[in-house]
Every structure is written in C-alpha cells, then in structure tokens.
Amino acid sequence: MKKLWLLSNLLLLPLAAQSDLENYLSREKNLILDYQEQVNQLQSDVLRKSWINPIIFSYSDSSDDQSLAGKSTQRTWSVGIDQPIFKSGGIYYAVKFANAQEGATAAQIRLQRRQLIVQAIETLFELRKNRLQQRQLRLKIRNDKIDIRRKREQYDAGVIDSSFLNQAILQRNRDQTTLLALQLAEKNLRNAFSLLSDRNPDRLRLPRLHLIRAKEYRQNNLELLAQRLRVSQSEYNSKMTWSKYLPTFSVNANYYDNDFDTPMPGMRDDYYRYGFRVSMPLNINAPHDIEASRVKFLQESVQLQDDRRKVESEYRLVIDTLKIIDKKIALAHSDERLYRDLLKSTREQAAAGEKTQLDVETMRNSMNMAKLDAQIYGIERQIQLLKLYEKTESNE
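This is how it looks when you write it as structure tokens:
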C-alpha cells in the first residue's frame with residue numbers, strides 16, 4: 060500500500076498554478092520582478108538592433124573675413140548615414156546573441172521569482188511546524204507535571220530519593236525553556252514572512268505539493284535552461300568575434316545644403332554624396348581574441364555538463380531524504396496506534412480501579428504527541444518537495 064502511495068505521487072506535478080503561488084509575494088516584490096523582466100526585454104531590443112547605425116543630422120554656422128570683399132558667412136546642414144550591411148555573418152550572430160542573452164536573463168528572473176515564492180511558502184510551512192511543535196511540547200509539559208506529581212508522592216512516601224524528583228523537575232524546566240525558544244522562533248518567522256509578503260500568514264492556505272518525476276525536473280529546470288542559453292550565447296559571441304576580423308561591406312549616403320552670403324560660381328548650394336566601403340581590420344590581438352571567445356564557449360559547455368550532474372544529485376538527495384521521512388511518518392503512525400491501544404487498556408484498568416486518571420491522561424497526551432509527530436514529518440516532507448519546485452517551471 061505504501062509503495063502504491065509513493066508511486067502515485069511520482070506521477071503528479073505541483074497542484075498550485077504559478078499565478079496562484081505568486082499571490083504569496085507582496086505587491087512590491089512582484090512589481091520589482093515585473094520591472095526586471097521589462098528592462099530585460101527593452102535592453103534586448105536595443106541589443107538586437109545595435110548593428111544599425113544612427114542617421115546623423117548636423118548643422119554648422121561659420122564666418123570669416125578672408126575675402127577682400129569683406130566678411131562672409133556660411134551655414135550648412137546635412138544628413139547622412141554610414142551603415143554596414145554585411146559583416147561576414149556578424150549581423151546574423153549578433154541578433155542570435157541578443158536572443159540568447161534575453162532568454163538566459165529571463166530564466167534567471169523567473170528563477171529569482173520562484174526562489175522568493177519558495178522562501179515565503181517555506182516560511183509558512185516552518186510556522187505551521189512551529190505551532191505543531193508548541194502543541195506537542197505543551198502536551199509533554201503536562202506529562203512532566205504529572206511525572207513530578209507522582210515522583211513527589213513517591214518521595215514523600217520514602218519510595219524514592221530526591222534525585223528522581225529533581226530530574227523530573229529539571230526535565231519540566233528544560234521543556235518549558237524549549238517552549239519559550241519556539242515562541243521566539245515563531246516571532247522571527249512571522250517577521251521573515253512579512254518581508255516577503257503583505258498577506259496574513261494565519262489566513263493563507265498551504266499548498267499541497269507532490270513529487271515531480273526526474274524527467275520533468277530535468278526538462279523544466281530553470282538553472283539548466285539558463286545555462287543552455289548561456290552556452291548558445293557564448294557560441295554566438297565566438298562567431299561574432301571571428302566575424303569582427305573578416306571583411307565588412309558598408310554603404311554611405313549624405314545630403315548637404317549650404318547657404319552662402321555671397322554666391323560661389325561653379326558650386327551648388329545643395330548636393331548628394333554616396334558610395335560604399337569594404338574594410339577589414341588587421342589586428343595583432345585578433346588570434347588571441349578569437350581563441351578567448353572559443354575557450355569561453357568550451358567553458359560554458361563543460362559548465363552545462365557539470366550542472367546536469369548537480370541536478371541529478373539534487374534530485375537523488377531529495378528522494379533519499381523523502382524515503383527517510385516516510386519511514387519516520389510510518390513509525391509515528393505505529394506509535395500512535397500503540398498508544399491508542401494502551402490508552403484503551405488504561406481506561407479499562409482505571410475503571411477497574413487498577414490505574415488512575417493521571418495514567419489515562421499521560422497515555423492520551425503521548426498518543427496525541429505521536430499524532431503530532433506524523434504531522435510534523437509531513438511538513439518536513441513538503442519542505443523537501445519545495446527544493447525541487449524552487450528550480451522548476453511548472454507547465455500548469
């Protein structure tokens with residue numbers, strides 16, 4: 060039955076949709092990420108068109124007294140462009156480079172958004188876990204007080220010495236101190252959540268996450284997506300670098316309009332100038348520049364392989380951790396069943412006068428503590444699943 064339950068979880072994706080999970084973040088956090096995405100798109104548009112040179116407008120006004128006829132003034136305005144239209148593949152790869160860079164940056168922003176969402180949800184899970192631990196500790200303190208009461212009765216009757224009573228008192232004090240530490244931790248968790256979200260954590264419903272299949276985790280992993288795009292980016296950059304040192308064909312065109320105080324025979328006031336240019340730089344650093352860009356491409360390619368191994372290792376670690384947590388949950392359920400049977404028999408013995416109501420209360424508290432153990436481990440299981448969700452992009 061347990062294997063069937065685990066297998067069914069393997070076939071499921073996170074239930075909550077991306078738009079729903081974004082509601083966990085504050086309006087300001089979402090706006091910051093939205094603006095980052097807009098900036099990335101706009102900067103990428105600029106980069107895609109960076110090969111297009113601007114049209115230059117100019118105006119000049121000059122005077123001189125060189126002529127014996129007196130002072131002369133010349134006013135000129137012009138418009139022109141010098142535009143490369145072929146760069147041995149450089150223009151094509153520049154556009155490809157811009158697209159890859161936009162995609163890599165967009166993936167990083169989406170990953171950043173999901174990390175913040177996961178941070179907020181994990182804080183909610185930790186808050187829920189903290190409250191369960193406080194409930195569990197209060198039950199334990201009740202048992203501590205019952206134990207102190209018994210030990211005192213035994214001590215007063217001369218059955219035990221004071222060391223047993225002292226140990227029971229110390230145990231209660233330790234548990235009460237731990238409870239105070241949990242209460243302080245709860246305040247810190249609430250403060251941490253308020254930095255991420257403007258929602259009331261007590262009114263938010265926790266999502267129910269299920270295990271993503273290994274194939275889905277690899278295919279939708281945002282870190283791998285960003286790195287694949289960085290590989291493409293470095294490949295296109297390498298080809299762009301190579302093309303810088305190959306021939307470039309450019310066309311140029313200019314229009315001039317002059318205004319002279321005194322007419323100049325044989326010259327037009329307005330005229331055109333146009334032509335083309337073929338150029339090729341001879342740079343002593345070209346081989347090193349080209350080789351550096353090629354090595355960068357190889358570096359990013361090896362980094363992608365290393366990231367794939369890292370993703371596989373992360374997934375295996377989560378699976379192994381979940382197996383341990385599932386065993387803890389099974390043990391907690393087993394303890395709960397045992398205490399339930401003990402509670403039943405203790406009630407029967409108390410009705411017969413063989414046990415006291417304190418014994419009944421102790422068993423009831425122990426049973427409820429075991430039940431809370433299972434719930435706490437269930438939350439720890441959800442926190443482990445969050446580690447996978449953090450780096451994957453759901454298709455829902």
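Residue numbers (the numbering used here): 60 to 455. Ideal Cβ placement from N, Cα and C applies to all residues, glycine included. Values in this document were obtained by computation on a predicted structure and should not be read as measured data.
Considering only the beta carbon of each residue, do residue i and residue j sit closer than 7 Å?
i    : j    : result
Q167 : A285 : yes
A179 : S256 : yes
S352 : S297 : yes
I438 : F184 : yes
Y276 : Y374 : yes
I228 : I200 : no
D328 : N342 : no
F156 : Y331 : no
T300 : P143 : no
A409 : V419 : yes
L444 : L268 : yes
L263 : S147 : no
N189 : L241 : yes
L248 : L191 : no
A165 : N250 : no
Comparing C-alpha positions only, which one of the options sits nearest to residue i?
i    : options                : result
D141 : D220, R336, L402       : R336
S401 : E413, D379, M426       : The residue you asked about is not Ser; residue 401 is Leu in the sequence shown. Taking only the C-alpha atoms, the option nearest L401 is M426.
Y315 : S117, Y83, N112        : S117
P260 : S121, S85, Q441, Q443  : S85
N89  : W136, S122, Q441, R172 : R172
Q278 : N250, D366, V361, L254 : D366
I349 : K303, V105, Q174, T237 : K303
L238 : D220, D215, R197, Q226 : R197
E282 : A251, L431, Q364       : Q364
A273 : I114, R368, I442       : R368
D234 : Q213, K246, Q193       : Q193
L376 : N424, V218, K446, E407 : K446
Buried or exposed for residue i, please, with buried defined as at least 16 other CB atoms from any protein chain shown within 10 angstroms of its CB.
i    : result
M339 : exposed
V177 : buried
Q195 : buried
T405 : buried
L270 : buried
L40  : The shown model of the chain, from 60 to 455, leaves out residue 40, and the question about it has no answer.
D203 : buried
A216 : exposed
K440 : Looking at the sequence shown, residue 440 is not Lys but Arg. Flag for R440 reads buried.
N225 : exposed
Y333 : exposed
L170 : buried
L431 : buried
N424 : buried
T236 : exposed
What does a CB cutoff of less than 6 Å around residue i pick up in its chain, not counting 5 residues either side in sequence?
i    : result
I150 : W110
L288 : A159, G162, A163
W466 : Past the boundaries of the shown model lies residue 466; the chain is included only from 60 to 455, so the question cannot be answered.
L71  : Reliability of the predicted coordinates at L71 is poor, the pLDDT of 35 falling under 50, and no value is obtained from them.
V138 : F116, Y314
Start and end of the beta strand (DSSP E) containing residue i?
i    : result
Y330 : 329-338
Kindly list the residues whose CB is nearer than 7 Å to the CB of residue i, restricted to its own chain and excluding five residues on each side of it in sequence; keep chain order.
i    : result
S293 : K355, F356, E359
A429 : A391, D394, E395, Y398
E371 : none
N280 : V370, K450, T451
V154 : R107
I442 : E181, F184
L69  : Reliability fails at L69, whose pLDDT of 34 lies under 50, so the model's placement of it is uncertain and the value that follows must be treated cautiously. Answer for L69: L270, R272, listed in chain order.
Q230 : D203
Could you give the residue range of the alpha helix (DSSP H) that holds residue i?
i    : result
E449 : Run containing E449: none; DSSP gives neither H nor E here.
S253 : 221-253
K382 : 345-410
D206 : 149-215
L101 : 86-107
R277 : 273-278
V218 : No alpha helix (DSSP H) holds V218; DSSP gives it neither H nor E.
T300 : 281-303
Under 8 Å Cβ to Cβ from residue i, same chain only, skipping five residues before and after it: list those, please.
i    : result
N158 : S103, R107
Y436 : I384, K387, I388, A391
L417 : I205, R208, R209
Y214 : D220, S221, F223, L224
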